[in-house]
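Here's the structure, in structure tokens; my notes come after.
In the working numbering, the protein residues as written are 42 to 172.
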């Protein structure tokens with residue numbers, strides 16, 4: 042039993058040493074060189090950032106539409122996005138647009154209603170205004 046244990050331990054040390062040498066001197070320099078030369082490009086995002094062109098309401102982009110209703114003093118944000126991650130990205134951009142338009146640090150003092158243009162079911166944890 043002791044000889045088998047010693048043999049397994051020795052084989053493990055040899056395999057680990059070989060793996061370390063291969064990663065350090067073969068794999069890593071090859072991958073680093075590919076990134077330097079541009080052979081491997083970073084993955085592109087599925088959606089591009091958008092920005093609002095005006096500071097007056099309504100603010101409209103391809104990703105969202107922000108409308109201010111003066112009677113109820115409420116901002117209605119209609120957000121595009123076929124998937125939840127796209128919806129959240131666009132919602133965060135819309136929040137930033139409102140903050141920029143009103144020169145505010147946060148939206149806690151405002152009445153803002155977010156809705157999905159594609160009628161996505163939004164989980165409760167993403168409906169939190171973040172105050």
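Positions of the beta carbon are idealized from the N, C-alpha and C atoms, including for glycine.
- A direct Cα-Cα distance of roughly 14 Å separates residue 114 from residue 143.
- Where residue 152 is concerned, there is no enclosing alpha helix (DSSP H), although the beta strand (DSSP E) around it starts and stops at 152 to 157.
- Taking 8 Å as the cut-off, the Cβ atoms of residue 135 and residue 158 do not count as close.
- With fewer than 16 other beta carbons inside 10 angstroms of its own, residue 160 counts as exposed.
- Residue pairing of residue 108 in beta bridges, as defined by DSSP: 117.
- Under the 10 Å beta carbon count, residue 131 is surrounded by 16 or more other beta carbons and is classified as buried.
- Remark: C-beta atoms of residue 128 and residue 72 do not approach each other more closely than 8 Å.
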